[in-house]
Structures are given as C-alpha cells and as structure tokens.
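Chemist:
Numbering (the numbering used here), first residue to last: 46 to 481.
1) Pull up the distance between the alpha-carbon of residue 328 and that of residue 189, whole angstroms please.
2) Report the rounded CA-to-CA distance for residue 357 versus residue 121, giving the unit in angstroms.
3) If you check the beta carbons only, do residue 134 and residue 153 fall under 9 Å apart?
4) Which residues in the same chain have their Cβ closer than 7 Å to the Cβ of residue 172, if we skip the five residues on either side of it in sequence?
5) Smallest Cα separation from residue 186: which of 207, 199 and 378?
6) Less than 8 Å between the CB of residue 442 and some heavy atom of the ligand PLP, yes or no?
7) Any idea if residue 382 is buried or exposed, counting beta-carbon neighbours within 10 angstroms, 16 or more meaning buried?
8) Measuring alpha carbon to alpha carbon, tell me which residue in 436, 477 and 469 is nearest residue 315.
9) Please confirm whether residue 192 and residue 256 have their CB atoms less than 9 Å apart.
10) If you run the structure through DSSP and keep just helix, strand and coil, what is residue 439?
11) Please report the distance separating the alpha-carbon of residue 321 from that of residue 224.
12) Given that a residue counts as buried once 16 or more other Cβ atoms are within 10 Å of its Cβ, and exposed if not, what is residue 352?
13) Helix, strand or coil, according to DSSP, for residue 392 in the structure here?
14) Less than 9 Å between the beta carbons of residue 427 and residue 250, yes or no?
15) Going by DSSP, which residues form a beta bridge with residue 263?
16) Could you give the uninterrupted runs of the alpha helix (DSSP H) lying entirely in the region 310-377, keeping only those of 4 residues or more?
17) What are the partner residues of residue 118, as DSSP defines its beta bridges?
18) Please state whether DSSP places residue 473 in a helix, a strand or coil.
19) Would you identify the three-state DSSP class for residue 300, choosing helix, strand or coil?
20) Rounding to the nearest angstrom, what Cα-Cα distance links residue 559 and residue 158 in this structure?
21) What separation, rounded to the nearest whole angstrom, lies between the Cα atoms of residue 440 and residue 336?
22) Considering Cα atoms alone, identify which of 167, 227, 347 and 132 is closest to residue 447.
23) Leaving aside the five residues before and after residue 410 along the sequence, list all residues of the same chain whose C-beta is less than 6 Å from its C-beta, in chain order.
24) Is it true that the CB of residue 379 sits closer than 9 Å to the CB of residue 178?
25) Within 10 Å of its beta-carbon, does residue 350 have 16 or more other beta-carbons around it, so buried, or fewer, so exposed?
26) Where do the ends of the beta strand (DSSP E) carrying residue 169 lie?
27) Could you tell me the alpha carbon to alpha carbon distance between residue 167 and residue 195, rounded to whole angstroms?
28) Specify, as a first and last residue, the run of the beta strand (DSSP E) that residue 453 falls within.
29) Can you give me the C-alpha to C-alpha distance between residue 160 and residue 423, rounded to a whole angstrom?
30) What would DSSP say about residue 70, mapped onto helix, strand or coil?
31) Tell me which same chain residues have a C-beta within less than 6 Å of the C-beta of residue 438, skipping the five on either side of it?
32) Looking at the secondary structure, which residues open and close the alpha helix (DSSP H) in which residue 273 lies?
33) If the criterion is Cβ atoms closer than 9 Å, does the pair residue 176 and residue 277 meet it?
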C-alpha cells in the first residue's frame, strides 16, 4: 500500500526518472532509476502505455513530446501495433537526443508485467471499456498513477471498484474527460453555477444511444492478434473486424457499439457531455434520483435531480453538445470553443472577483502530470468519473428494461428494483476476476 504524502507536498514513495538523453550514436541504455529520496522536481516521469490503438497513439505523441515524461514501456495484444509504436517512440527519442539510435522503449505483452515494473511511475490506459477496471485496479495495486480513458469502466460496479482501489492505494487518477480542461466548457459551467441564467430548470445533452448485442459472423483472426486476450473478461465469441479492425483501418473501431465491451454512444460521448452537465449543475458527487423512458408524454429519456432539475437525452440546439436552460436565459456549449448564450451579452461579462471559479486546467494530460508530483486531486478524479459514467449507465439500463427507474445516488443502487440492480455489474469470463 502507498504511504501518505510527505509534508513537502511531493509523493513519499514514487520513483521518478532522472533521464538525460545519451548522445552516443550506438543504442542508448535504459534510464537510471533514482531512489525516491534523490529525485528532484525536474526529473522525468516514467510512463507505460496499456493499449496502443488509435486513441493511445494520440496520447503517445503528446506524452513523449513532453520534456517532463519518458515513455519506457508499451503493451498491447496486437504485434504490429506494438512494433509500430515502439519504432515511433525510439525514433523520436533518438532524433531528440541526436543519437543514431535508441532502444529504451520496451514491448511488454502482458499488462500485469508492465504494471509490476518498479521503474514506471504512471500508466496510460486506452483499451476497450471492458478492460478498464481490471487494468486500473492492477495498476493501483502496483503503485502506479493512472491516466484512464473514459468512460471509467464498462459497468457501474466496475466503476465503483476502480474508485475503491484509487482511494485504498492513494493513486492519482485522471479520467480522459478532457472537456474539463477546455476554457469554453469551464466558462459555460461557471456562468451556470453563478446564476447568470437564473435558476437552472433543464439541461439538454446531445449524445447517441445505447449499445446493441453482437451477432456478427466469424472471420479469420488476423496474424499477430491474440484474440482471446483481447476479449479477456468479456464473453467469448468469434473474431470480427468490425469489433477489432486491423492496424490499417482509418476510423474508430466499432467495439463501442456492442454491449459486451462498452455502453454505446451513451457512455462514449455521454461521459463527455453528461460530465459537463453534472459539472455545471454542481452534481459531481451525486447524481439524478430518477430516470424515465420516453413515452406517456415524455419525448426523451429524462433524468430528474433531487432539486427538481430535468436533464434530457437529446434536444440541445443543433451544433451544441450541452444546453442549460434557466429562468433568465440559456447557455450552450460544444467543442471548438463554441459558446452561445441567450441573452447574448451574458457571455461577454467577465466573472467578478466574488463569483465562483471552477478548477482550472488548460491541459488535461499536464494536469495529471502536475498532480502526480503534488499529489493533489486531478480535475477529473475517479469519484467524478464514477458519477458521470453512472448517469450514462443508468440511462442504458432504463433503455434495456424499457421502464422508468428510481436511483439512490447516496447508496448507489436502484430503489426497490432487484432486476435493475442485477445490471449494476456483469460477470467476467474465467479466469478473470476483479478484486480490489
């Protein structure tokens, strides 16, 4: 178990890399690991990657170009992805140092072996959703800080397990809900929280729908892919390229659409946009008390909070992700710094000194790195990630059961509904078990 943070505000147990690039033209040796008592504030943070798909390659590009970071290990179940990522990292470090070659980024086939390396400070997890909980809990147990792609996990129960592990082991975890590190989203929420549009009555959130069952026919497993390991805790089924396309596929893999691996667009983009709705409403540590399915006069899936605010699945103005409606106006926001208010002048008024400011982060990955050093909470913690994912998950459960549900956000279960509560968790395929 991790020890408490030291009185200086720096972590008491972590080992940061002090890795100066070696200028030799030959292969460069692995960096030297300093004992925790010898590191300084400017020493590089050693990270490993779990999952090297499309999202991870973007993170690899970001983190290896950060002078505070050294990427020293990568993991995936697909050989070609691993070899491509290793070459990208080694070529970059060789070029940056002026060395003729570099061989300091190690391929590790099993994520558990990567987590067990004593010289790794943090891991970036960008695997399909059905893997998130197992890998995050293992990383926390092994003393690693975690950057975890959203949603936090595939089910409410798995989210809760990740949160317990992070609390137990003192892990600094950042959920990849990067809209919290975007000025337009932050300012939109600050306007709402400071009453610029009066008392909030409704929120409209534009995201896609729930996942579907997978009935795709069998296809040959591509060479170099460990399909059984890709499935891991998910039920066994034959390979199909729609679920896990080859490395040359230019789009996003469609595993997000299938219930065995993810929660559809409800959890994919829902955990971006519901996250902003919760932030603006001040509901980061709670959630709705009821979710009602469309029908009987309700056009949309409708969430109700204890204060009476209604949040709808869909219905925001075209071109916007989230629309807050108050007694005196509206705030709409989306990516690309799209921010609109009614009346228009609301967004032109700067915040006054006495008004509430929200946690400010202008770089989501850097916020994680900074918090690794200071041990402060990140802008999107496991608690926040659990609450946001829960909104999407209870919406999916209402769609699956096709009936309205009451939710207790304090106890985090459905009220007097055994059938719904059974869907809070899902069994894992043997031999995989989630144990905090």
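Yeah, the Cβ is synthetic: ideal placement off N, Cα and C, and Gly gets one too. On a predicted model such as this, the values are computed, not experimentally measured, just so you know.
Modeler: The relevant details are as follows:
1) As a position in the chain shown, residue 328 is number 283, starting the count at 1. As a position in the chain shown, residue 189 is number 144, starting the count at 1. Using only the alpha carbons, I get a separation of about 28 Å.
2) Residue 357 sits at position 312 when you count from the first residue of the chain shown. Residue 121 sits at position 76 when you count from the first residue of the chain shown. Going by the C-alpha atoms only, they are around 38 Å apart.
3) In the chain shown, counting from the first residue as 1, residue 134 sits at position 89. In the chain shown, counting from the first residue as 1, residue 153 sits at position 108. Cβ atoms of residue 134 and residue 153: not closer than 9 Å.
4) Taking the chain shown and counting its residues from 1, one reaches residue 172 at position 127. Excluding positions up to five away in sequence, the list reads 95, 96 and 180.
5) Position 141 of the chain shown, counting from 1, holds the residue named residue 186. Measuring from the Cα of residue 186, the nearest candidate turns out to be 207.
6) Although the ligand PLP was asked about, the structure shown includes no ligands whatsoever.
7) The sequence position of residue 382 within the chain shown is 337, counting from 1. Exposed, by the Cβ-count rule.
8) To locate residue 315, count along the chain shown from 1; it is residue 270. Nearest C-alpha to residue 315: 436.
9) Residue numbering aside, residue 192 sits at position 147 when the chain shown is read from its first letter. Residue numbering aside, residue 256 sits at position 211 when the chain shown is read from its first letter. No.
10) Here residue 439 corresponds to residue number 394 of the chain shown, with the count starting at 1. Here residue 439 sits in helix by DSSP.
11) On the chain shown, residue 321 is found 276 positions in, with the first residue counted as 1. On the chain shown, residue 224 is found 179 positions in, with the first residue counted as 1. Roughly 8 Å separates the two Cα atoms.
12) By 1-based counting over the chain shown, the position of residue 352 is 307. Exposed is the call here.
13) By 1-based counting over the chain shown, the position of residue 392 is 347. Here residue 392 sits in helix by DSSP.
14) Residue 427 sits at position 382 when you count from the first residue of the chain shown. Residue 250 sits at position 205 when you count from the first residue of the chain shown. Result no, Cβ atoms of residue 427 and residue 250 do not sit closer than 9 Å.
15) The residue given as residue 263 occupies position 218 in the chain shown. DSSP output for residue 263 lists no bridge partner at all.
16) 315-326
17) Residue mapping note: residue 118 aligns to position 73 of the chain shown, counting from 1. BP columns for residue 118 point to 93 and 151.
18) For the purposes of this step, residue 473 is taken as residue 428 along the chain shown, with counting starting at 1. Note: residue 473 maps to coil in three-state DSSP.
19) Within the chain shown, residue 300 is the residue found at index 255, counting from 1. Three-state result, residue 300: helix.
20) Nothing about residue 559 can be reported from this structure: the residues present for the chain run from 46 to 481 only.
21) As a first step, residue 440 is located in the chain shown; it is residue number 395 there, counting from the start. As a first step, residue 336 is located in the chain shown; it is residue number 291 there, counting from the start. Taking the straight line from one Cα to the other gives about 7 Å.
22) Here the question's residue 447 lines up with position 402 in the chain shown. Minimum Cα distance to residue 447 is reached at 347.
23) Numbered from its first residue, the chain shown carries residue 410 at position 365. Same-chain partners within the cutoff: 107.
24) The residue labelled residue 178 in the question sits at position 133 within the chain shown. The residue labelled residue 379 in the question sits at position 334 within the chain shown. Taking 9 Å as the Cβ cut-off, residue 178 and residue 379 do not qualify as a contacting pair.
25) The residue you call residue 350 lines up with position 305 of the chain shown. By the 10 Å Cβ count, residue 350 comes out buried.
26) To locate residue 169, count along the chain shown from 1; it is residue 124. It spans 167-170 - the beta strand (DSSP E) in which residue 169 sits, taken as one unbroken run.
27) Residue mapping note: residue 167 aligns to position 122 of the chain shown, counting from 1. Residue mapping note: residue 195 aligns to position 150 of the chain shown, counting from 1. The alpha-carbon atoms of residue 167 and residue 195 are separated by roughly 17 Å.
28) For the purposes of this step, residue 453 is taken as residue 408 along the chain shown, with counting starting at 1. Counting along the chain, the beta strand (DSSP E) containing residue 453 begins and ends at 450-453.
29) Counting from one through the chain shown, the residue named residue 160 turns up at place 115. Counting from one through the chain shown, the residue named residue 423 turns up at place 378. Using only the alpha carbons, I get a separation of about 21 Å.
30) Position 25 of the chain shown, counted from the start, is the residue given in the question as residue 70. Annotation note: pLDDT 27 at residue 70 (below 50); position unreliable, no value reported.
31) Within the chain shown, the letter at position 393 stands for residue 438. Excluding sequence neighbours, residue 438 sits near 201.
32) The residue you call residue 273 lines up with position 228 of the chain shown. Start and end: 272-276.
33) As a first step, residue 176 must be located in the chain shown, where it is residue number 131. As a first step, residue 277 must be located in the chain shown, where it is residue number 232. In this structure, residue 277 lies closer than 9 Å to residue 176 by Cβ.
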